[in-house]
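A.B. asks: Below: one structure in structure tokens.
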Amino acid sequence: MLKKIFITLAIVVGIALVGGGGFVWYLYHSVKTTANKIYDPAGGSEKDSSAIKNLEAFPILLLGVDERKGDVGRSDTMIALTLNPTKKTMQMISVPRDTKAEIVGHGTVSKINSAYAYGGPKMALNTFNNLFNVNFKHYLRINMEGLADLVDAVGGVTVHNDIDWHDEGYYKKGYHYQKGDITLDNGAKALGYVRMRHLDPRGDFGRNQRQRDVIMAVINKAASFGSFSKYQDILNAVQKNVKTNLTFDDMKNLASKYRDCKQNVQNYEVKGSDDWEKTSSGSKIYFLQISDDEKERVHQMIQDQLSE
């Protein structure tokens, strides 16, 4: 899902770059304003854009955060995205949220998704880098509520639903998500559609598929708009829900110079074994334990993608 959000912003930047006339200049200005508002160097001062300028392989850590009112949230989605313009490849390595890791800067060992809750994107970056012995400096964070805002911005979407179920309360308890083509006419209904997991025999895989379907429906509908007001609604949704230490120039260069990378997408999910540990209260907590061999495998996959 995060890849699609990133591509959405890149598409709008691209429209501003290749068009002409006063309308496009105004759109370009609005995109630049949005990029400046979502810019947040909270990942640390080591950010370096030289790789983008030199058209080198470029890594970004994507964080999907389920942030609620009064709660900073945890990064329940963590994806190591590496773009290689020479190979024209996009590598996406998903790290399960329950992965056991040393939380760098907090002095604890816990689930990797807690790093963001304890120390924001900087601690999430440091924890990920330490676990796999890599050096990611850039991040892009989106609040999951942003999906609802994007659906509202385009006036709802239609998707194909593979299974039939009644909502447990993510949207409206008892609401019937029928099998077949269905219209998600508002953001709340779309969020309920993508959050369901327990009633799907595919578990997280099914939920991820629904997320991708909704985002692609948003992108396809957004691409058909000719009105600036609709793009403005989309940019407003991005402003409210996205933070990154990528600058406008970074995003502009990624959109124009790295677009061929999406021709060959390589997906991998970090593997591990179930590990139940007793807490001080006597209850048990679940972790995904990753072996040293798996850590080395992921490290080498990233290094291979970063090499020319």
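Just so you know, the working numbering puts 727 at position 170 of the sequence shown, and the rest follows in order with no gaps. The beta-carbon is built from N, C-alpha and C at its ideal position, and this holds for glycine as well.
Assign residue 834 to buried or exposed, taking buried as 16 or more other Cβ atoms, counted over all protein chains shown, within 10 Å of its Cβ.
C.D. replies: Looking up residue 834 in the sequence shown gives position 277. By the neighbour-count rule (16 or more Cβ atoms within 10 Å), residue 834 is not buried but exposed.
A.B. asks: Contact defined as beta carbons within less than 8 Å: I believe residue 866 pairs with residue 714. What is the distance between those atoms, to the nearest angstrom?
C.D. replies: The requested residue 866 does not occur in the structure, where the chain is confined to residues 558 to 865.
A.B. asks: Tell me, which residues are paired with residue 830 by DSSP?
C.D. replies: Against the sequence shown, residue 830 aligns to sequence position 273. BP columns for residue 830 point to 846.
A.B. asks: By Cβ distance below 6 Å, which residues in the same chain neighbour residue 630 in space, the five residues on each side in sequence not counted?
C.D. replies: Here the question's residue 630 lines up with position 73 in the sequence shown. The residues are 622, 623 and 624.
A.B. asks: Going by DSSP, what residue range makes up the beta strand (DSSP E) through residue 738?
C.D. replies: Numbered from 1 along the sequence shown, position 181 holds the residue referred to as residue 738. Run containing residue 738: 737-741, per the beta strand (DSSP E) assignment.
A.B. asks: By Cβ distance below 7 Å, which residues in the same chain neighbour residue 678 in space, the five residues on each side in sequence not counted?
C.D. replies: Taking the first residue of the sequence shown as 1, we reach residue 678 at position 121. Here the set comprises 599, 600, 620, 696 and 698.
A.B. asks: What is the residue span of the alpha helix (DSSP H) that residue 885 lies within?
C.D. replies: Because residue 885 is not part of the residues shown, which for the chain are 558 to 865, the question remains open.
A.B. asks: In whole angstroms, give me the CA-to-CA distance for residue 706 and residue 744.
C.D. replies: Start at 1 with the first residue of the sequence shown, and residue 706 comes out as number 149. Start at 1 with the first residue of the sequence shown, and residue 744 comes out as number 187. Their backbone Cα atoms lie some 6 Å apart in a straight line.
A.B. asks: Can you have a look at residue 690 and say buried or exposed, based on whether 16 or more other CB atoms are within 10 angstroms of its CB?
C.D. replies: Position 133 of the sequence shown holds residue 690. Residue 690 should be labelled exposed.
A.B. asks: Looking at C-alpha atoms only, which residue of 865, 703, 823 and 825 is the closest neighbour of residue 796?
C.D. replies: Position 239 of the sequence shown holds residue 796. Taking only the C-alpha atoms, the option nearest residue 796 is 703.
A.B. asks: Using DSSP with H/G/I as helix, E/B as strand and the rest coil, what is residue 863?
C.D. replies: Taking the sequence shown and counting its residues from 1, the one referred to as residue 863 is at position 306. Of the three classes helix, strand and coil, the one that applies to residue 863 here is helix, per DSSP.
A.B. asks: Please name the residue, chosen from 813, 818, 852 and 838, that lies closest to residue 830 on a Cα-to-Cα basis.
C.D. replies: Start at 1 with the first residue of the sequence shown, and residue 830 comes out as number 273. Closest by alpha carbon: 852.
A.B. asks: Among all the DSSP beta bridges, which residues are the ones paired with residue 621?
C.D. replies: Start at 1 with the first residue of the sequence shown, and residue 621 comes out as number 64. For residue 621, which the question treats as bridged, DSSP gives the partners 634 and 699.
A.B. asks: Name the DSSP beta bridge partners of residue 615, please?
C.D. replies: Residue 615 sits at position 58 when you count from the first residue of the sequence shown. BP columns for residue 615 point to 640.
A.B. asks: By the 10 Å Cβ neighbour count, where 16 or more other Cβ atoms means buried, how is residue 578 classified, buried or exposed?
C.D. replies: Locating residue 578 in the sequence shown gives position 21, counting from the first residue. Interpretation of residue 578 is limited by its pLDDT of 48, a score under 50 that renders its predicted location unreliable; no figure is taken from the coordinates.
A.B. asks: Give me the Cα-Cα distance between residue 799 and residue 806, rounded to the nearest whole angstrom.
C.D. replies: Your numbering for residue 799 matches position 242 in the sequence shown. Your numbering for residue 806 matches position 249 in the sequence shown. Spanning the two alpha carbons is a distance of roughly 17 Å.
A.B. asks: By the 10 Å Cβ neighbour count, where 16 or more other Cβ atoms means buried, how is residue 827 classified, buried or exposed?
C.D. replies: In the sequence shown, counting from the first residue as 1, residue 827 sits at position 270. So residue 827 ends up on the buried side.
A.B. asks: If you reduce the DSSP assignment to three classes, tell me which class residue 772 lands in.
C.D. replies: Locating residue 772 in the sequence shown gives position 215, counting from the first residue. Residue 772: helix per DSSP, three-state reduction.
A.B. asks: Tell me whether the beta-carbon of residue 647 lies closer than 7 Å to the beta-carbon of residue 636.
C.D. replies: Taking the sequence shown and counting its residues from 1, the one referred to as residue 647 is at position 90. Taking the sequence shown and counting its residues from 1, the one referred to as residue 636 is at position 79. Contact flag unset, no.
A.B. asks: Can you grab the Cα-Cα spacing for the pair residue 687 / residue 804, in whole Å?
C.D. replies: On the sequence shown, position 130 is the one that residue 687 refers to. On the sequence shown, position 247 is the one that residue 804 refers to. Residue 687 and residue 804: Cα-Cα distance of roughly 25 Å.
A.B. asks: Classify residue 791 as helix, strand or coil using the three-state DSSP reduction.
C.D. replies: Residue mapping note: residue 791 aligns to position 234 of the sequence shown, counting from 1. Looking at residue 791 - three-state DSSP - the assignment turns out to be helix.
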